[in-house]
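According to this note's numbering, the sequence shown holds residues 14 to 269 in order.
No residue lacks a Cβ here, since even glycine has one placed at the ideal position from N, Cα and C.
Data first, discussion second: the structure below is written as structure tokens.
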Amino acid sequence: QELAASGRIADANIERALTAMQRFALVARLMRVGQVYVLATSAVRDAQNSQSFVSAIEQVMGADVHVLSGEAEAHFAALGVLAGMPNFSGVVGDQGGGSLELSALAKGHDAVGETHELGVIRLQDDSGGSPAKAAALARSRLKSSRVLKGNKARTFCAIGGTWRSFAKLLQVSSNYPLHMVQHYTVAAGDAEKLCAEILAAAGAGKPYPGSDQISASRRDLIPYAAAVLGEVLRAGNFEQLSFSALGVREGYLYHL
């Protein structure tokens with residue numbers, strides 16, 4: 014939050030993160046975990062005050078922090094999809110709070126990993142809280158994408174907590190009988206329609222369809238996730254949208 018404007022991780026957020034990591038460290042010790050891998054992504058990669066934060070995390074966890082580049086993050090996201098869907102072929106997109114990573118995945122190998130400043134929290138800040146402006150920003154920032162330019166893949170695979178919440182909205186709206194996201198697949202046109210409905214509702218200051226089904230921590234971020242997803246699906250001219258519950262974390266373990 015506010016990283017794009019200030020260039021720094023806010024002190025209050027560092028404190029919250031350290032408290033959370035202290036809990037993780039305690040759980041890891043109680044479970045007698047043999048090896049701990051600590052990964053840092055967009056916010057730590059970009060923040061001016063990240064080094065002191067990283068040092069504090071290393072002290073808490075008793076392990077080195079691996080600050081991933083955008084390309085490495087895209088690579089491990091693709092491997093996460095591969096770990097759960099070995100035959101997947103298409104474009105992988107991992108949207109977090111600060112960035113969106115894209116990569117092409119085919120025949121068990123990924124290529125052209127890239128990162129864009131299209132995370133949901135960053136967009137919320139950059140757009141001044143306007144999902145419509147967020148969609149315009151996404152459209153502009155995706156013009157530089159080598160992955161989407163001239164894309165011939167039929168399927169886009171979405172990773173990330175807010176996109177998983179979007180998948181839940183799709184399931185609720187279609188009375189889908191299962192409540193699992195892994196490999197859940199829909200027509201891209203259906204997803205684009207829901208993206209438009211969410212943006213229209215947000216623009217009118219009304220709750221979007223199914224918002225009461227989404228956790229409070231994700232509810233306000235869904236319109237920004239929808240803004241990016243709609244633009245990605247159109248830019249890549251995709252026919253299908255799949256969702257993966259596995260991402261960077263599982264991809265990093267998979268590569269080991």
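Out of the options, which has the shortest C-alpha to C-alpha gap to residue i?
i	options	result
Glu-28	Ala-201, Thr-54, Val-67	Val-67
Ala-171	Val-80, Val-194, Lys-156, Val-160	Val-194
Asp-138	Glu-127, Thr-128, Leu-150	Leu-150
Val-57	Gly-264, Leu-39, Pro-220, Gly-109	Gly-109
Glu-15	Ala-76, Gly-142, Leu-259	Gly-142
Phe-256	Lys-219, Val-199, Ala-38, Ala-23	Val-199
Trp-176	Glu-114, Thr-168, Leu-242	Leu-242
Leu-254	Ala-239, Arg-262, Val-261, Ala-85	Ala-239
Arg-167	Val-105, Ile-22, Ala-96, Arg-42	Val-105
Val-80	Val-73, Ala-17, Ser-63, Ala-96	Ser-63
Gln-61	Arg-21, Arg-231, Lys-120	Arg-21
Val-78	Val-40, Met-34, Glu-263	Met-34
Glu-84	Arg-159, Tyr-221, Gly-223	Arg-159
Ser-82	Gly-103, Gly-75, Leu-95, Leu-113	Leu-113
Arg-152	Tyr-237, Asp-59, Met-74, Ala-180	Tyr-237
Ala-119	Gln-184, Ala-23, Asn-164	Asn-164
Ala-23	Gly-47, Asp-59, Asp-233	Asp-59
Leu-259	Tyr-221, Ala-96, Val-185, His-129	Ala-96
Lys-162	Tyr-267, Val-185, Ile-134, Leu-115	Leu-115
Tyr-267	Val-94, Phe-179, Ala-17, Asn-100	Val-94
Glu-130	Phe-169, Ala-117, Arg-154	Arg-154
Ser-140	Leu-234, Thr-128, Ala-117	Leu-234
Arg-231	Gly-173, Phe-101, Phe-37	Gly-173
Ser-157	Thr-128, Ala-17, Lys-219	Thr-128
Arg-135	Leu-269, Arg-262, Ala-17, Ala-38	Ala-17
Gly-75	Gly-111, Phe-37, Ala-117, Ala-25	Phe-37
Report the CB separation of residue i from residue j in whole angstroms; it is logged as a contact under 8 Å.
i	j	result
Met-98	His-196	6 Å
Gly-132	Ser-19	Going by Cβ atoms, the distance from Gly-132 to Ser-19 rounds to 16 Å, so no, they are not a contact pair.
Glu-252	Ala-209	Actually they do not touch by this definition, with Cβ atoms about 18 Å apart.
Val-73	Leu-31	6 Å
Gly-103	Phe-179	The pair is not a contact, with the Cβ atoms about 18 Å apart (cut-off 8 Å).
Where do the ends of the beta strand (DSSP E) carrying residue i lie?
i	result
Val-40	Run containing Val-40: none in the beta strand (DSSP E); it sits in the alpha helix (DSSP H), 24–43.
Ser-116	113–119
His-196	Per DSSP, His-196 belongs to no beta strand (DSSP E) and is neither H nor E.
Asp-123	122–129
Phe-169	168–172
Val-80	78–80
Residue range of the alpha helix (DSSP H) that residue i falls in?
i	result
Phe-251	Note, Phe-251: premise wrong, no alpha helix (DSSP H); not H, not E.
Ile-227	Looking at the DSSP string, Ile-227 is not in any alpha helix (DSSP H), and its letter there is neither H nor E.
Asp-107	Run containing Asp-107: none in the alpha helix (DSSP H); it sits in the beta strand (DSSP E), 103–108.
Gly-216	201–216
Ala-149	144–154
Ala-16	Per the sequence shown, residue 16 should be read as Leu rather than Ala. That run of the alpha helix (DSSP H) goes 16–19.
Asp-138	133–139
Gly-264	261–268
At least three beta-carbon pairs within less than 8 Å, the region 214–222 to the region 52–69:
As far as the Cβ criterion goes, the region 214–222 does not touch the region 52–69, which means the pair count is below three.
Quick one: any contact between the region 38–52 and the region 219–238, if contact means 3 or more CB pairs under 8 Å?
Using a C-beta cut-off of 8 Å, the region 38–52 makes no contact with the region 219–238, since fewer than three inter-stretch Cβ pairs fall below that distance.
Cβ pair count under 8 Å reaching 3, the region 241–254 against the region 203–210:
Remark: three or more beta-carbon pairs, one from each stretch, lie closer than 8 Å, so the region 241–254 and the region 203–210 are flagged as touching.
Below 8 Å, how does it come out for the region 140–156 and the region 85–97: are there three or more Cβ pairs, yes or no?
By the criterion of at least three beta-carbon pairs nearer than 8 Å, the region 140–156 is not in contact with the region 85–97.
Take every Cβ of the region 180–190, pair it with every Cβ of the region 111–128, and state whether three or more of those distances are shorter than 8 Å.
No: the two stretches stay apart, fewer than three of their Cβ pairs being nearer than 8 Å.
Kindly provide the ranges of any alpha helix (DSSP H) runs that are 4 or more residues long and lie completely inside the region 47–95, ordered along the chain.
Segments of the alpha helix (DSSP H) lying fully in the region 47–95: 55–59, 63–74.
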